[in-house]
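Working notes, structure below.
Chains as they are written, first to last, in our numbering: chain A, 2 to 225; chain B, 103 to 682.
Written out as structure tokens, the structure is:
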């Protein structure tokens, strides 16, 4: 007998867009995974569990977000053991999420759809650059960066000699407004650029020292 | 935000300091009559795993006229940054400094957290001594098991609440609200309440205790940390107190009488707790879980709390029934099994009244090995009263016998890769136990015993671990300290002692110098045997158990006589409200 894929598999896939800001931006990626599992259980939503010795709900994230970085439209895929109206999922998660996490939208996926992590190509970041007590104007650095054909950085890995990598090709769009820089960069498995690395390069172009603790980063959008 | 982004980005685990968790209570701070801050003198993850937190937080916030917030000890990296940036310690809920609270309530779970109490006051800019804290400063109180000897912190604390919060903490808050403008009047009034001890108004104090737990307050609200904590699971307190009477165990005496909650109540509460927290694991909490009188009923109910909910059973005696149960819980995943013989020889186990026989341990191991388990933990103590070299030898022999049990099982019936984890902690005599009169073994003696035990262990299957002897000496000096001990704690704090319960932070030299500066000797508190007629610094605290009973138990220990558990025969310990 032929049945619909979803019925055979007996689970339903959803893609959730959510915001991670405020106090939630200090929650690390591993803790976020546990927190999602607990929030879903509190919301009375039945997850699909993995098989094996240690069954756990199947939730995957498009891309981990660094501790301290705001995420305005993060994406995760959630497998459920029941079909629920996507708007209902949003409402129920919002009543069970802790402070700083907000579900924005949700859609049901067809069973053959690739995961968000596999589809992810680009991310749009906002960076508020600060350096030793000053808020530097970044326009010159951005113009300089865009005019170059290659921008090499040296990547150090433990136990290996430093490797030169060209990051110019990973930056698609770049603009500055005073000390606020907006960057569309590669994100995901087939190429990834951390905004911290880009901010560091831009600062070194204008000969200032980036302050990693006061500079603020925000991931505004994840793009497939 | 409670602290600036630039500071949070510089510390490990910034989520320790941000709050905003599920279950965090947000109230209008201007609409209440009293602001209370629960202060836990250890790091966030430890404090958030403490099961008493939900009880107190929920009990206090259930009142419309009180707002209860939380503060934990900042880790040393945060402390340094707070000082560098002139930041004060603030609550997680409102981010207000502790100094604007009405009452700060410290939870004292063990003696090695005392310097953190002083540090948290200091980081809040609050004077350490009551004489320097006028009506504008918060009232400082402390509760928890360590306050069964309140004297070491009596110089710094305005009042102690000794006993269980459900019994009478509300009356204390009522009195505070009625006397808001006069700290001294408030303290004078509450000193008559059960469980309240105001060091300035020295008196005998009776532990506050609810008669039964059926009707005692149960938390409605549960905090779920945003940061992986030490115990990331729901904890269900199934009973309080213990029927066993192990003579070294303080909890076994100060939480008497043993009071159980009925299974129906517990299972309903468990469901509520799981629904509120979203945890997928629940742990049955007590001093000796197998002693719960309707355990079979409770455990089978607990296994059916929900799909994908797992059950953990700490403090369970290993026998055929519990192994069958654990086998069902664990399925194919068999983690380690724990035995706590505490002493190596039967003679010494009788002395400490740990009624677990060698046959029971070995038979438990045999059944466990047959059931597929291959990892066994064995917990012992060294430095027990009346301990001889033979008792130390017996520890190694018992571990060897466990290995023999494994190899006497035919190969096809046992698992692969036996591992026996043998741990020996250093015994610390505690107030309100029969061993409160005993001398504590010295650092040299303890180190020699550790060395001896290490030499005796040859099997490659036995992994031996032990703790620093010097931390247990400081713990012993503080546990049986008197009011003068406070000066040593103050000196140690000034010399930089913090998080003394963390082995990587503990510094014996600081404590040695601190006791010196205070004109005191740790030997006086640790190595001295107390006469039965000596007035002990904690004699004015009445836990309900008679001192005469403790003396008779010490005498029975001297004679190597075990005492039956409370259900087999009542030994007339004196615990009020006991209905066993």
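Built from N, CA and C at the ideal position, the CB exists for glycine as well.
- DSSP three-state assignment for residue 166/A, whether helix, strand or coil: strand
- Item | Option nearest residue 303/B by Cα separation, candidates 423/B, 291/B, 114/B | 291/B
- Item | Reference residue 441/B, options 449/B, 461/B, 125/B, closest by Cα | 461/B
- Message: Tell me the rounded alpha-carbon separation between residue 116/B and residue 215/A.
- Response: 14 Å
- Task: Give the single residue among 665/B, 210/B, 578/B, 293/B whose Cα lies nearest to the Cα of residue 628/B.
- Result: 578/B
- Task: Please check if any C-beta of chain B sits within less than 9 Å of the C-beta of residue 27/A.
- Result: yes
- Mind pulling the chain B residues with CB within less than 8 Å of residue 101/A? 122
- Item | Three CB pairs or more closer than 8 Å across the region 54-71 of chain A and the region 84-97 of chain A | no
- Query: Between 675/B, 582/B, 549/B, 594/B, which lies nearest to residue 539/B when the distance is taken from Cα to Cα?
  - Reply: 582/B
- Item | Every unbroken alpha helix (DSSP H) within the region 446-525 of chain B, with a cutoff of 4 residues, ordered by chain | 448-453, 460-472, 491-509
- Item | 6 Å CB neighbourhood of residue 101/A in its chain, flanking five on each side removed | 22, 23, 24, 25
- Identify every residue that forms a DSSP beta bridge with residue 261/B. 243/B
- Message: If we require 4 or more residues per run, which alpha helix (DSSP H) segments fall completely within the region 95-150 of chain A?
- Response: 117-120, 140-148
- Going by C-alpha distance, which of 482/B, 429/B, 120/B is nearest residue 174/B? 120/B
- Ends of the alpha helix (DSSP H) at residue 365/B? 365-379
- Spell out a yes or no on whether the region 384-403 of chain B and the region 43-56 of chain A are touching, meaning 3 or more CB-CB pairs, one atom from each, closer than 8 Å. no
- Task: Answer yes or no: does any C-beta atom of chain B fall closer than 9 Å to that of residue 154/A?
- Result: no
- Exposure of residue 156/B, with buried meaning 16 or more beta-carbon neighbours within 10 Å: buried
- Message: Counting only beta-carbon separations shorter than 9 Å, does residue 56/A have a partner in chain B?
- Response: yes
- Task: Drop a sphere of 10 angstroms on the beta-carbon of residue 249/B, count the other beta-carbons inside from all chains shown, and report buried for 16 or more, exposed for fewer.
- Result: buried
- Message: Counting only beta-carbon separations shorter than 9 Å, does residue 212/A have a partner in chain B?
- Response: yes
- Item | Buried versus exposed, by CB contacts within 10 Å (16 or more), residue 467/B | buried
- What is the DSSP secondary structure of residue 56/A, counted as helix, strand or coil? coil
- Kindly list, in the order they appear in chain A, the residues whose Cβ is closer than 9 Å to that of residue 172/B. Near residue 172/B there are no residues of chain A at all, since even the closest Cβ is about 14 Å away, more than 9 Å.
- residue 231/B, DSSP secondary structure in three states: coil
- Neighbour-count burial assignment, residue 288/B, 16 or more Cβ in a 10 Å radius: buried
- Residue closest to residue 191/A, alpha-carbon to alpha-carbon, out of 122/A, 211/A, 113/A, 58/A: 122/A
- Just tell me which of 286/B, 253/B, 267/B, 344/B has its CA closest to the CA of residue 681/B. 344/B
- Going by C-alpha distance, which of 150/B, 321/B, 368/B is nearest residue 165/B? 321/B
- Item | Beta-carbon contacts of residue 281/B that lie in its chain and below 8 Å, excluding the five residues immediately before and after | 287, 288, 291
- Item | Chain-ordered chain B contacts of residue 50/A [CB-CB under 9 Å] | 409, 410
- Per the contact definition of three or more C-beta pairs closer than 8 Å, is the region 101-114 of chain A in contact with the region 172-181 of chain A? no
- Whole-Å CB distance - residue 117/A paired with residue 78/A, under 8 Å assumed: 5 Å
- What residue does the beta strand (DSSP E) around residue 136/B start on, and which one ends it? 136-142
- Task: In the DSSP assignment, find the unbroken beta strand (DSSP E) run with residue 220/A in it and report its ends.
- Result: 217-224
- Message: Could you give the first and the last residue of the continuous alpha helix (DSSP H) run that contains residue 69/B?
- Response: With chain B covering only 103 through 682, there is no way to say anything about residue 69/B.
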